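Sequences listed follow chains A and B, in order.
Going by this note's numbering, the first sequence opens with residue -10, and the numbers climb by one from there.
Going by this note's numbering, the second sequence opens with residue -10, and the numbers climb by one from there.
Encoded as structure tokens, the structure appears first; notes follow it.
Protein chains: 2
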Amino acid sequence: MTTDTKTAPPRLSFDTHPDRYRHWKLDVDGPIATLSMDVQEDAGLVPDYRLKLNSYDLGVDIELADAIQRIRFEHPEVHAVVITSLKERIFCAGANIFMLRGSSHAWKVNFCKFTNETRLAIEDASEHSGIRFLAALNGICAGGGYELALACDEIVLVDDSNSAVSLPETPLLAVLPGTGGLTRVVDKRKVRRDLADVFGTIAEGVKGKRAVEWKLVDAVYPASRFQEAVRKRAEELAASSDRPTEGPGIALGPVAPDETAESLEYSAVSVAFDRAGRVATVTVRAPDAAVEATPEAIQAAGDRFWPLRAFRELDDAILRLRVNEREIGTIVFKAIGDPARVVDADEVLLANADHWLVREVIHFIKRTLKRVDLSARSFFALIEVGNAFAGTLFELALASDRSYMFDDDDQANRMQLTGMNAGPLTMSNGLTRLQTRFYGSPGLVEAALAHQGPFDPAAALDAGLVTFTPDSIDWDDEVRLAIEGRAALSPDALTGMEANLRFVGPETMETKIFGRLTAWQNWIFQRPNAVGPKGALTSYGTNERAEFDFGRT
Amino acid sequence: MTTDTKTAPPRLSFDTHPDRYRHWKLDVDGPIATLSMDVQEDAGLVPDYRLKLNSYDLGVDIELADAIQRIRFEHPEVHAVVITSLKERIFCAGANIFMLRGSSHAWKVNFCKFTNETRLAIEDASEHSGIRFLAALNGICAGGGYELALACDEIVLVDDSNSAVSLPETPLLAVLPGTGGLTRVVDKRKVRRDLADVFGTIAEGVKGKRAVEWKLVDAVYPASRFQEAVRKRAEELAASSDRPTEGPGIALGPVAPDETAESLEYSAVSVAFDRAGRVATVTVRAPDAAVEATPEAIQAAGDRFWPLRAFRELDDAILRLRVNEREIGTIVFKAIGDPARVVDADEVLLANADHWLVREVIHFIKRTLKRVDLSARSFFALIEVGNAFAGTLFELALASDRSYMFDDDDQANRMQLTGMNAGPLTMSNGLTRLQTRFYGSPGLVEAALAHQGPFDPAAALDAGLVTFTPDSIDWDDEVRLAIEGRAALSPDALTGMEANLRFVGPETMETKIFGRLTAWQNWIFQRPNAVGPKGALTSYGTNERAEFDFGRT
């Protein structure tokens, strides 16, 4: 039974490079980088729509995400980024409406998830890497365009008779601003809720002095002074950075797995598909030699440094699983190799955490693990003999919905914690995975971290670090039945259940965006008033007027 | 265009009384009340289903909500409540599945909202009124039955071979536990997320010692000792209460408006429908004489005490609007009469807030205002000449999505704050409406509260207390266009937008339940895997097996 029959783009790769960008231009000028949007109309992911007026599809956002990443790793000398447009009097018209209309429900949801992650990566770069972002709105800024601006530290708008910021989704399309807009307007920019309500229902938006008064933008400047004001403010923002004053950075080479119908093979990550079972096994391999241990050696290793390499590959694998493998509902994590190498790598990361590059690596690992938390797939970790679930790799088990650890008297099997489990790898809720796991029992977190050396299965179970520890008699059946049982359940109910159980405790702007806002948007993306034959998204740009069922739900 | 064609119950009243309960029995025995569920199978709201095994529909929950309310007001001597069942070996099978299957999407959503509010009212009574709740699970406790137990302070389960607690929604029906279950399991009871994941996928649930070990229940007792253990624990819980040792309470008389096709008329509240415009005007009238000012006089006035009477009527009006008037998308609040009387009433409430009855009145007002915040309707407040928007009644303006205050030099028009705006009437996010309004700017809250006496329109606008202040030339058109414009928008997009903008700032278990969990449940309630022709909810109890689209979204 397939209910989504609309066009889906072909199998996607997330690998790109500034030399191949079609929609963005990245200029680095000393401490200030400028990211300019110049979307090529006829270069959408599928030919069904034209990306007019700097509107975007996922392909545009993949380039933006790549650019942010490269500024972090390749340009440590960049202290501020100006995000602007090369189109006259247009900053960005938001997500392409015809793309949304032609997309399946699942595609819309995945599109919003990735674009949300990209905007959160901007905020992460500001908060944790000292890169300040300035949205320089040189013209009309609508919908997703304004949501991109909201992800920046500051927003300046050109003051002319034309240029406004707007969230026209509700009045024009009967959907929500799906990329954090509503949350950021009130929670980040602290726009008063009644003014936000008015703003959210005015298709034409708000401009000039009123946009400043309502806190929708930080400043407006006439066109004649705009570039100068942007440059000045960017320089001021750059001055607050703690990044190195000069490079070099490291080059991020392509992440390109060998693909077969049944597998993705990277250097440190393998993905094996069991399509009949709707399961993929993702295996991460520990380094096979000691990792580089000094900042100089790490910098020389560049993207070959195992923690960066393994997690870039894992990140790519998760993204491909999300968009290319919709029917793979369960992902089994395995970690293999010598756990001592992982423990050593963790020590190197922690000992050099103040170095700009190591800092970037740690935050990259953190973001990759957050993608796992936010993936609408079930994750099971299998901790078997010969496993390398230690420290950072044990986070994969902690990120999993369940973990099974093989327990047999004749075969030693162990897992281990390190300092990487104690702080740096926070989830969206601001807690570590151990704090989340033992929410309300901080003593259990301390006890687990105070434990010296590896845990055998009984100790791991006792400490609450694994879910089940079947013995050699039960292992095969118990694991098989668990995986088969999971695959038999409704994928939608599992998505909802996991989205609720994974994020216990405090909420942040980030969990609000993914929990509250996304869930409401997903609901609305199915409503006839938006996507039915007479819905507003369906009717937009046609001669037909939308017709609503006015019953409130 | 109407997409919901399934059976909807007839126009509902929320008025009931223990003498007329069909599904619950309320026994008061000194400090301990026992609320026993004994659902009458053939007494559902519509005849399409039978309420077997203590399963419930909205009618059952209306009685439960009434009972909790009456214990608070009519039985101040009750310090603990035991919630149990009169059915042999069955506590409660949860929401009736055949009712859910036969209900429209909107009905399911409204059903979940009301039942969520009832469970939160139990927690509110525990936290704020010193009434402890003990769920005494004398048999099988599934789905919504377990969610009811989760709302209690403690849960005890009979230990036999049969009695388990379970959340079988995901494995059996492909939906979520929709009444806070997932949130309370991890956030309130602090069940570890992987154990919660297992629990949420086992249709048969967990019983005995394992239920205790996983923190799903607090204790288990063999059937032979169960009643004795429940009584003992209830007595211990009762001992922690700060309620009076004896009554009397006050009697809550019926709330019964005069109904016409175009209006609901209560003593202090009027609702006027403009069905063509899809608008209702709700007018609250200030007291026309000084309210009773001493605990003795208030107790003697009972349910005629204006703050209680007006808000009981408002609560009833909001509930009726929700379930009986789906197409009324916008609610306009007006308050009329002498604002000085409201200010006096607020002073009486604050001066006597420690008295058990006044405390109940204040918390009742708080809960009613929360129902406004959580209603999927747009609220506009119109503050006109002769208005009584002062203190507690001004909360209606603060709860509104926007407010318009008439500004004319020739006609004085004022609004006023009191101490009731400064603390007692918190929203679900734990903040007052002023704190929510000025989130991130606590100085504005202080300044508004420090202002002496009433605000004229210019002062109110300047203080940020109202959205717009049109003058006599603009008022009619501006207000009319705003209301008409609102009515023209998609009701679904408005529901989503309002659910996001109204709850800025911190999240609580309560906002998580209504924001995150409810939104996901609403999404799933539309998914073909649940409600399509081959969906699990559709197929349950038939000979057909559910068929899923296994694509993950």
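Glycine included, each C-beta is placed from N, C-alpha and C at the ideal position.
Computed from a predicted structure; not experimentally measured.
Classify residue i: buried if its beta carbon has 16 or more other beta carbons within 10 angstroms, exposed otherwise.
| i | result |
| --- | --- |
| A471 of chain B | buried |
| V515 of chain B | Checking the displayed sequence, the identity of residue 515 of chain B turns out to be Gln instead of Val. Buried, by the Cβ-count rule. |
| K221 of chain B | exposed |
| I287 of chain B | buried |
| I513 of chain A | buried |
| R374 of chain A | Before going on, a small fix: residue 374 of chain A reads as Val here, not Arg. Result: exposed. |
| D277 of chain B | exposed |
| R90 of chain B | buried |
| K198 of chain A | exposed |
| Q405 of chain B | buried |
Check for me: the beta strand (DSSP E) holding residue i runs from which residue to which?
| i | result |
| --- | --- |
| F62 of chain B | Here F62 of chain B belongs to no beta strand (DSSP E); instead the alpha helix (DSSP H) covers L47 to E63. |
| Y255 of chain A | That residue, Y255 of chain A, is in no beta strand (DSSP E); it is neither H nor E in DSSP. |
| C101 of chain B | Unbroken run through C101 of chain B is the alpha helix (DSSP H), H94 to S118; no beta strand (DSSP E). |
| I79 of chain B | I79 to C81 |
| L123 of chain A | R121 to L126 |
| R274 of chain B | V268 to R274 |
| V145 of chain B | E143 to V147 |
When the Cα atoms are used, what is the spatial distance from residue i to residue j?
| i | j | result |
| --- | --- | --- |
| F378 of chain A | L438 of chain A | 15 Å |
| N85 of chain A | T172 of chain A | 21 Å |
| L161 of chain B | V154 of chain B | 15 Å |
| E52 of chain B | S2 of chain A | 57 Å |
| A82 of chain B | H6 of chain B | 24 Å |
| G238 of chain A | L15 of chain A | 16 Å |
| V271 of chain A | Y255 of chain A | 11 Å |
| E158 of chain A | R491 of chain A | 30 Å |
| T(-6) of chain B | Y38 of chain B | Because T(-6) of chain B sits at a pLDDT of 49, beneath the cut-off of 50, its placement in the model cannot be relied upon, and the point is left open. |
| G132 of chain B | D148 of chain B | 19 Å |
| S115 of chain A | A452 of chain A | 37 Å |
| R311 of chain A | D113 of chain A | 22 Å |
| W464 of chain B | Q441 of chain B | 27 Å |
Below 7 Å on C-beta distance, what does residue i contact in chain B?
| i | result |
| --- | --- |
| H94 of chain A | T542 |
| F539 of chain A | R267, E316, G318 and P480 |
| A525 of chain A | S479 |
| N410 of chain A | Chain B residues near N410 of chain A: none, gap ~16 Å exceeds 7 Å. |
| I513 of chain A | D481, A482 and G485 |
For a test of the three-state rule: what should DSSP assign to residue i, helix, strand or coil?
| i | result |
| --- | --- |
| D16 of chain A | strand |
| E225 of chain A | helix |
| T249 of chain B | strand |
| M(-10) of chain B | Because the pLDDT of M(-10) of chain B is 33, which lies under 50, any placement of that residue in the model is unreliable, and the number read from its coordinates should be weighed accordingly. It is coil, neither helix nor strand. |
| Q216 of chain B | helix |
| Q515 of chain A | coil |
| Q424 of chain A | helix |
| K196 of chain A | strand |
| F368 of chain A | strand |
| S528 of chain A | helix |
| M26 of chain A | strand |
| A70 of chain B | In the sequence as displayed, the identity of residue 70 of chain B is Val instead of Ala. V70 of chain B: strand per DSSP, three-state reduction. |
| M486 of chain A | helix |
Using a C-beta to C-beta distance shorter than 8 Å, which residues of chain B count as neighbours of residue i?
| i | result |
| --- | --- |
| P446 of chain A | Per Cβ cutoff of 8 Å: no residues; P446 of chain A is ~15 Å from chain B at best. |
Output, in chain order, the set of chain B residues within a Cβ distance shorter than 9 Å of residue i.
| i | result |
| --- | --- |
| K198 of chain A | What K198 of chain A touches in chain B: nothing, since even the nearest Cβ is about 16 Å away. |
| L358 of chain A | Neighbours of L358 of chain A on chain B: none; closest Cβ ~15 Å, over 9 Å. |
Cβ closer than 9 Å: which chain A residues qualify as neighbours of residue i?
| i | result |
| --- | --- |
| R0 of chain B | Correct list: empty, because the minimum Cβ distance to chain A is about 15 Å. |
| E496 of chain B | P495, E496, T497, T500, K501, G504 and R505 |
Using a cut-off of 7 Å between C-beta atoms, extract the partners of residue i located in chain A.
| i | result |
| --- | --- |
| V486 of chain B | Sequence inspection shows Met at residue 486 of chain B; the Val mentioned does not correspond to that position. T159, L165, L171 and G189, listed in chain order. |
How far does the alpha helix (DSSP H) with residue i in it extend, from its first residue to its last?
| i | result |
| --- | --- |
| K323 of chain B | Note, K323 of chain B: premise wrong, no alpha helix (DSSP H); beta strand (DSSP E) at T319 to I325. |
| M88 of chain B | I86 to G91 |
| R301 of chain A | W295 to N313 |
Taking only heavy atoms of the ligand HEM into account, decide whether any of them is closer than 6 Å to the Cβ of residue i.
| i | result |
| --- | --- |
| P446 of chain B | Absence of the ligand HEM is noted for the structure shown, with no ligands found whatsoever. |
So with CB distances below 8 Å, who are the chain A contacts of residue i?
| i | result |
| --- | --- |
| T425 of chain B | R182 |
| Q510 of chain B | G485 |
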